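Protein sequence lines correspond, in order, to chains A and B. Residue numbers for the first sequence follow our numbering, so the first one is 536 and each next one is one higher. Residue numbers for the second sequence follow our numbering, so the first one is 536 and each next one is one higher. Ideal Cβ placement from N, Cα and C applies to all residues, glycine included. Only a predicted model underlies this, so the values are computations on that prediction, with no experimental measurement involved.
Protein chains: 2
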Amino acid sequence: MDSHIIEALKDIVGAERLETALEERQCYSYDGTGQEYVPEAVAFPDTTKQISRIMALASASGFAVVPRGAGSGMSGGSLPVAGGLVLALARMNRILEIDEANQLAVVEPGVITGNLGAALAPLGLFYPPDPASLKFCTLGGNVAEGAGGPSAVKYGVTRDYVLGLEVVLADGRILETGVRTRKGVVGYDLTRLFIGSEGTLAIITKIILRLIARPTASKTLLLLFTDMHQAVALVATLLKEQTPSTLEYLDNTALNLVADKLPFPLPAATRAMLLVELDGDPDSVALQSARLNDFLDSRPEILHRQQAQSPEEVAALWQARRCVSPAAFTLRPHKISEDVVVPRSAIAALVACAEELGHRCRLPIFTFGHAGDGNIHVNIMLDKADQEEVRRGREAQKALFQEVIRLKGSLSGEHGVGLTKAPFLDLELSATSLDIQRQLKKLFDPQNIINPGKIF
Amino acid sequence: MDSHIIEALKDIVGAERLETALEERQCYSYDGTGQEYVPEAVAFPDTTKQISRIMALASASGFAVVPRGAGSGMSGGSLPVAGGLVLALARMNRILEIDEANQLAVVEPGVITGNLGAALAPLGLFYPPDPASLKFCTLGGNVAEGAGGPSAVKYGVTRDYVLGLEVVLADGRILETGVRTRKGVVGYDLTRLFIGSEGTLAIITKIILRLIARPTASKTLLLLFTDMHQAVALVATLLKEQTPSTLEYLDNTALNLVADKLPFPLPAATRAMLLVELDGDPDSVALQSARLNDFLDSRPEILHRQQAQSPEEVAALWQARRCVSPAAFTLRPHKISEDVVVPRSAIAALVACAEELGHRCRLPIFTFGHAGDGNIHVNIMLDKADQEEVRRGREAQKALFQEVIRLKGSLSGEHGVGLTKAPFLDLELSATSLDIQRQLKKLFDPQNIINPGKIF
């Protein structure tokens, strides 16, 4: 990056908000994939106007700009693979407005997802999407990747709560999209075109979020099984009767990874776990709970059923669930982590496929995730220093994706394509779809300067 | 349209599926706006492949193609303003698949919305969007316009239930978008780019719809008021406590239009009505109903409260509500009908504005609609033979739109821009937004042959 560009960037954001030292740049070189690409500079803008000026400069000078929230993405979305400038949005972390009467919030992209929840709670309002990383990921990243979470089975995903956006286009123009109302059909749906576009079409600078009334009560149950297929079959039957707010499952390996974090000891025969949560107002939760317990009473395959008795026990259960992903590294130093999604009726087939691949490829492969919506996290553990393991890991990954497509699923339910799934895109998308998508990228970013090297 | 094109079209769909006689073409010249544009020919394809061949021919020959469902649209979306071919999709009316285990349906665009509901009911499944025209409008039209309905306050709109699409592009290529799962973030969200694009980007040929479990019980209440502002204020307070499945209001004029269709006599002092419906399973409805009645007991401004006692009474109430729009023509022969939407807290201001405009412009202006989501149908009644009334009607329309934008609302909640709102688009969308939208239109339809003359 030429020194005159560096000077121009300093002029825009202030010298103290532009980092060029290697040790600083390295801090913005990685994400949740464990891959590393060191950018040429890192800018810390705090206004839309600064970002507009940066993009105008990038267009004029041709350098790449890679927006970055917390760097917790799982598909490489924030990695500066082509160098250039990382646009670190952490300072744009203001909750600009909470409109109680109309149940909406306007936020900057750097707001940490959990911080919005904390600000809404005293007002009786609720923003449902709950990625496992909610204590550190940002709403801008959630929107860019189309993040989901355990509560999607009842409440839907990020996309379902974004009413409108402000974005900066490649040439620096500022564009407002969407509405502040539940309905709105004026013009093409640019809002949802940007959601899940993985930071490749424009820089998100403001987000209008729809909120709902906060559930005032919940109940959390742990169900244990001696066989994972029993757990999966139970989910399918349960969902015909009612919709819990979460329905998470852990297979035996996942369970062992976090067993010491659970607030209850596990019976020795335990091989799978379901975490079920109900929410609503106290009367509704009592009703749901009675119905759920009636249903569970009729299911002799449940090895053990335990209801969390205190907020601390609930917190411990969730903490354990959220630790599965990081804890996996005790198995092997590296992980190929996929968040494939299949129609609910195909979950059992997918889980069987993952088990079979583990045997065939001689690697620890375990699964856990969102049983209610078919979004299963498949984790292929390996040591990248062992070329043979890497080869077998890639083989397992490809076979997994092929099975997902055969089962009419999708390669990613909530993490995005980014770098890691880009080589497999044509398994899911037709040549026509890829052609249209490349044309869309070109329309918004003719010079390929916004987060280049992603998706395609 | 040249005779060789007519022959080529007959070759594609069969001679008996292509109409060129004036009296037949006239049947496909109008829609819910009352405007009329006679097409040069009408084709009745029944396969995607036929549509693909038609579009390839249209691209090669440069004639316009206007997709049409039931012609019930309220913004002119299906009017062939530039002549050309009307693609009548009524024969593509098959429900291709109902997947009970995964709660989804795959349908052709010509399926009548209410017919899907009827097919799902015995299976305990439910497709919530319920435009007032549901007995005759089509799902393809609903998707194209981004239709909503009274149940949006609880269940959302068409957009929230479309998982994926099959469309035919301008050049005849067939494109599949989306997924068969609740989650899915692979590539740009083409599905939602087509939803609400008013038939201007591609021809929708297949729709994958998400379904939910059918509510097994409901309760319908009629609340009467001596003042409409009391009704609107009550809605705002009620929504803080619970979410009915519908919350419709009728002002005094709307009420008088359908009073003879109501199953109860109205007290003479009645000036406004709220129609409230609760749904769910029987236990949940009992709980909601008790809470609602507690709430209503504390509101002395309610003139009269009446619960529908039988399915027939419920049907009569809904029939009355759905008749408001057609019954309006007893006031004046023509109508400017707007489906503006404002943040809930601004409903009272919008209603006051409509009343004031009625006085100022000396025209009957009345409002009714979806009080729960701020989507208010404003009806300006006039006689088009009276040029002075037309002028005053246009003045009222423009003033209304300006107020809607000032209140941070949108010009259309569920009807679309089409022809009727196109002149006002720049009140809501910025020059940058319009530029991007025009580029998108050009990307998908470089020759401007798919439903030309709409939106922009």
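At least three beta-carbon pairs within less than 8 Å, the stretch 682-701 of chain B to the stretch 886-896 of chain B: In this structure the stretch 682-701 of chain B does not lie against the stretch 886-896 of chain B, because fewer than three pairs of beta carbons, one per stretch, are closer than 8 Å.
Residues bridged to B:H992 (per DSSP): Look at the range of chain B in this structure, 536 to 991, and you will see that residue 992 of chain B is not part of it.
Continuous beta strand (DSSP E) stretch holding A:S753: start and end: Mapped onto the first sequence, residue 753 of chain A falls at position 218. In the DSSP annotation of this structure, the continuous segment of the beta strand (DSSP E) that includes A:S753 starts and ends at A752 to F760.
C-beta neighbour in chain A for B:L710, strict 7 Å: Your numbering for residue 710 of chain B matches position 175 in the second sequence. The beta carbon of B:L710 falls within 7 Å of a beta carbon belonging to chain A, placing the residue at that interface.
Residues within the stretch 675-707 of chain B neighbouring chain A, beta-carbon criterion of under 8 Å: Close to chain A, meaning a Cβ-Cβ distance shorter than 8 Å, are the following residues of the stretch 675-707 of chain B: E680, G681, G683, A687, V688, G691, V692, R694, D695 and L704.
Within chain A, the residues that B:T967 reaches when beta carbons sit closer than 9 Å: Numbered from its first residue, the second sequence carries residue 967 of chain B at position 432. Correct list: L704, R708, I709, L710 and E711.
Three-pair Cβ contact test at 8 Å for the stretch 772-790 of chain A versus the stretch 800-811 of chain A: Yes, since at least three Cβ pairs between the stretch 772-790 of chain A and the stretch 800-811 of chain A fall closer than 8 Å, the two stretches touch.
Per DSSP, the bridge partner or partners of B:A640: By one-based count along the second sequence, residue 640 of chain B stands at place 105. According to DSSP, B:A640 bridges with B:I633 and B:L744.
Distance, A:W853 Cα to B:K754 Cα: Taking the second sequence and counting its residues from 1, the one referred to as residue 754 of chain B is at position 219. Taking the first sequence and counting its residues from 1, the one referred to as residue 853 of chain A is at position 318. Linking B:K754 to A:W853 through their CA atoms gives a straight-line distance of about 37 Å.
Euclidean distance between Cα positions of A:G928 and A:E571: Residue mapping note: residue 928 of chain A aligns to position 393 of the first sequence, counting from 1. Residue mapping note: residue 571 of chain A aligns to position 36 of the first sequence, counting from 1. One Cα belongs to A:G928, the other to A:E571, and the distance between them is close to 20 Å.
Alpha-carbon to alpha-carbon, A:L725 and A:L557: Within the first sequence, numbered from 1, the residue matching residue 557 of chain A stands at position 22. Within the first sequence, numbered from 1, the residue matching residue 725 of chain A stands at position 190. Roughly 37 Å between the two C-alpha positions.
Length of the line joining the Cα atoms of B:K989 and B:S613: Reading the second sequence from its first residue, position 454 is the one you call residue 989 of chain B. Reading the second sequence from its first residue, position 78 is the one you call residue 613 of chain B. The C-alpha of B:S613 is placed about 9 Å away from the C-alpha of B:K989.
Own chain partners of A:I630 with C-beta closer than 7 Å, once the 5 adjacent residues on each side are dropped: To locate residue 630 of chain A, count along the first sequence from 1; it is residue 95. Correct list, in chain order: A640, V642, V646, L651 and A654.
Three-way DSSP call (helix, strand, coil) for B:L725 in this model: Your numbering for residue 725 of chain B matches position 190 in the second sequence. Annotated three-state conformation of B:L725 is helix, per DSSP.
Three-pair Cβ contact test at 8 Å for the stretch 774-786 of chain B versus the stretch 672-690 of chain B: Using a C-beta cut-off of 8 Å, the stretch 774-786 of chain B makes contact with the stretch 672-690 of chain B, since at least three inter-stretch Cβ pairs fall below that distance.
Cβ neighbour criterion (16 or more within 10 Å) applied to B:Q972: Within the second sequence, the letter at position 437 stands for residue 972 of chain B. A residue is called buried once 16 or more other Cβ atoms fall within 10 Å of its Cβ, and B:Q972 is buried on that count.
6 Å Cβ shell around B:A617 - same chain, five flanking residues per side excluded: On the second sequence, position 82 is the one that residue 617 of chain B refers to. Taking C-beta separations shorter than 6 Å and ignoring five residues to either side along the sequence, the partners of B:A617 in its chain run A599, P987 and G988, following chain order.
Euclidean distance between Cα positions of B:L669 and B:A863: Within the second sequence, numbered from 1, the residue matching residue 669 of chain B stands at position 134. Within the second sequence, numbered from 1, the residue matching residue 863 of chain B stands at position 328. Rounded to whole angstroms, the gap between the alpha carbons of B:L669 and B:A863 is 19 Å.
Nearest candidate by alpha-carbon position, reference B:V877, set A:A821, A:T555, A:R840 and A:R717: For the purposes of this step, residue 877 of chain B is taken as the residue at position 342 of the second sequence. B:V877 has its Cα closest to that of A:R717, out of A:A821, A:T555, A:R840 and A:R717.
Residue environment, A:P602, which counts as buried when at least 16 other CB atoms sit within 10 Å: Indexing the first sequence from 1 puts residue 602 of chain A at position 67. By the neighbour-count rule (16 or more Cβ atoms within 10 Å), A:P602 is buried.
7 Å Cβ cut-off: residues of chain B touching A:P878: As a working mapping, residue 878 of chain A is identified with position 343 in the first sequence. Under the 7 Å cutoff, chain B gives N637, R715 and T716.
Range covered by the alpha helix (DSSP H) that runs through A:A817: Indexing the first sequence from 1 puts residue 817 of chain A at position 282. Residue identity differs from the one stated: residue 817 of chain A is Pro in this sequence, not Ala. Per DSSP, A:P817 belongs to the alpha helix (DSSP H) from P817 to D832.
Residue ranges of each beta strand (DSSP E) within the stretch 856-910 of chain B, 3 or longer: Complete beta strand (DSSP E) runs here, min 3: 869-876 and 900-905.
Paired residues, beta bridge with A:L839 - DSSP: In the first sequence, residue 839 of chain A corresponds to position 304, counting from 1. In the sequence under discussion, the amino acid at residue 839 of chain A is His, which differs from the Leu named in the question. Looking at the DSSP assignment, A:H839 forms a beta bridge with A:L759.
C-beta atoms of B:Q1022 and B:L831 nearer than 7 Å: Nothing in the structure corresponds to residue 1022 of chain B, since chain B is present only between 536 and 991.
Check whether B:V703 and B:S596 have beta carbons under 7 Å apart: Translated into positions along the second sequence, residue 703 of chain B becomes position 168. Translated into positions along the second sequence, residue 596 of chain B becomes position 61. Contact flag unset, no.
Of the listed residues A:D918, A:H912, A:K919 and A:E923, nearest to A:F936 (C-alpha basis): Taking the first sequence and counting its residues from 1, one reaches residue 936 of chain A at position 401. For the residues A:D918, A:H912, A:K919 and A:E923, the minimum Cα distance to A:F936 belongs to A:H912.
Range covered by the alpha helix (DSSP H) that runs through B:A593: Counting from 1 along the second sequence, the entry for residue 593 of chain B is found at position 58. Segment T583 to S596, the alpha helix (DSSP H) holding B:A593.
Neighbour flag for B:G731 against chain A, beta carbons, 7 Å: For this step, residue 731 of chain B is matched to residue 196 along the second sequence. So, interface residue.
Test: B:V720 CB closer than 7 Å to a CB of chain A: As a position in the second sequence, residue 720 of chain B is number 185, starting the count at 1. Yes, its Cβ sits closer than 7 Å to a Cβ of chain A.
Chain B contact residues for A:L975, given Cβ-Cβ distances below 9 Å: One-based indexing of the first sequence puts residue 975 of chain A at position 440. Simply Y723, L725, L728, L975 and L978.
Three-state secondary structure assigned by DSSP to B:V577: By one-based count along the second sequence, residue 577 of chain B stands at place 42. DSSP places B:V577 in strand when its eight states are reduced to three.
Beta-carbon proximity check, B:T648 vs B:L674, cutoff 7 Å: Stepping through the second sequence from its first residue, residue 648 of chain B is reached at position 113. Stepping through the second sequence from its first residue, residue 674 of chain B is reached at position 139. Taking 7 Å as the Cβ cut-off, B:T648 and B:L674 qualify as a contacting pair.
A:H894 beta carbon near the ligand HEM (any heavy atom closer than 6 Å): No copy of the ligand HEM appears in this structure; indeed no ligand is present at all.
DSSP beta-bridge partners of A:V621: Position 86 of the first sequence, counted from the start, is the residue given in the question as residue 621 of chain A. In DSSP, A:V621 forms a bridge with A:V577 and A:V601.
Residues of its chain near B:Q982, where Cβ-Cβ distance is below 8 Å and the 5 sequence neighbours each way are ignored: By one-based count along the second sequence, residue 982 of chain B stands at place 447. The beta carbon of B:Q982 sits closer than 8 Å to the beta carbons of S594, G597 and A705 from its chain, once the five residues preceding and following it are set aside; these are given in chain order.
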